[in-house]
Amino acid sequence: MRQIDEARLERDLGYRYRYLADFIGFGPDDEAALHEAAASLAPLVPVLVDAVYDKLIQQDATWRHFLPRQHGYEGPTPPSLAELTMDHPQIRYRKQHLARYLSALVTRPYDGKMVEYLDMVGKIHTRQAGNPNIHVPQVQMNALMGFVADAVTAAIFGLGLGKAAEQRLVRAFQKLLWIQNDLIHRHYAAGEGSRAAPGETPGARSALAGTAASTSHN
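FYI, in the numbering used here the residues of the sequence shown are -8 to 209.
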């Protein structure tokens, strides 16, 4: 039986990534499938980006996150949600970032730098990245990742690949997106300030915290 250092999973990004990749089964063959599809998928990146933003603009809950100044953006910011249109410079800036992200998934080697990049993609959607005004709720991130996974799958089905190549590519993307999903949600857990120890329920941790708070005020 393989021994897993659970505490290290929380503090060592490389160890966490290797654990996820090994458990899910994301390996060199999957990386090759992604890289081999780069030329076919590249023309579809703008279509995928537009599909994501067409979805995001449909709800105030998702669109409001683009009101605060985005990291690295130096242009004008919208004064209100009503004025945050699809052609606003800040939206164009964010769409460029999403396009680069999607391209990176099928072009970059899955080395330490790529793992750090995937981790930062998760971090920038939370206050952990340093901007207290940007914090996308977990439910919205889950919904977004589900939408992206479906959109990518639909795009692959439209490439006209042979059945074997199609299945190989879909499986590679699904594994990768599950890894990305973990590297998103780990930053929400970090923001909670503490984690339950193995075998300890969140309720027990809350009860202990409440007892400690009560004691400190006595």
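The beta carbon of each residue, even a glycine, is placed where N, CA and C say it ideally should be.
Looking at the secondary structure, which residues open and close the alpha helix (DSSP H) in which M77 lies?
For the purposes of this step, residue 77 is taken as the residue at position 86 of the sequence shown. In this chain, M77 is not harboured by any alpha helix (DSSP H), its DSSP state being neither H nor E.
Just to confirm, are K46 and F138 a CB contact at a threshold of 7 angstroms?
Position 55 of the sequence shown, counting from 1, holds the residue named residue 46. Position 147 of the sequence shown, counting from 1, holds the residue named residue 138. Taking 7 angstroms as the Cβ cut-off, K46 and F138 qualify as a contacting pair.
Determine the DSSP secondary structure at T68, reduced to helix, strand or coil.
Taking the first residue of the sequence shown as position 1, residue 68 is located at position 77. DSSP places T68 in coil when its eight states are reduced to three.
Beta-carbon separation of L109 and L174 under 7 angstroms?
The residue you call residue 109 lines up with position 118 of the sequence shown. The residue you call residue 174 lines up with position 183 of the sequence shown. The beta carbons of L109 and L174 sit closer together than 7 angstroms.
Check whether the Cβ atoms of H64 and Y44 lie closer than 7 angstroms to each other.
By 1-based counting over the sequence shown, the position of residue 64 is 73. By 1-based counting over the sequence shown, the position of residue 44 is 53. Residue identity differs from the one stated: residue 64 is Tyr in this sequence, not His. Cβ distance not < 7 angstroms, so Y64 and Y44 don't count as in contact.
Rounded C-alpha distance that separates R55 from Q61
Counting from one through the sequence shown, the residue named residue 55 turns up at place 64. Counting from one through the sequence shown, the residue named residue 61 turns up at place 70. Roughly 12 angstroms separates the two Cα atoms.
Measure how close the beta-carbons of A42 and A142 come, nearest whole angstrom, since I'm counting them as under 8 angstroms.
Walking along the sequence shown from the start, residue 42 turns up at place 51. Walking along the sequence shown from the start, residue 142 turns up at place 151. A42 to A142, Cβ: 5 angstroms. Contact.
Could you compute how far the alpha carbon of H176 sits from the alpha carbon of Y10?
Start at 1 with the first residue of the sequence shown, and residue 176 comes out as number 185. Start at 1 with the first residue of the sequence shown, and residue 10 comes out as number 19. A straight line joining the alpha-carbon of H176 with that of Y10 spans about 16 angstroms.
Please identify the residue among D3, A146, A163 whose C-alpha is closest to the C-alpha of L32.
Start at 1 with the first residue of the sequence shown, and residue 32 comes out as number 41. Out of D3, A146, A163, A146 has the C-alpha closest to the C-alpha of L32.
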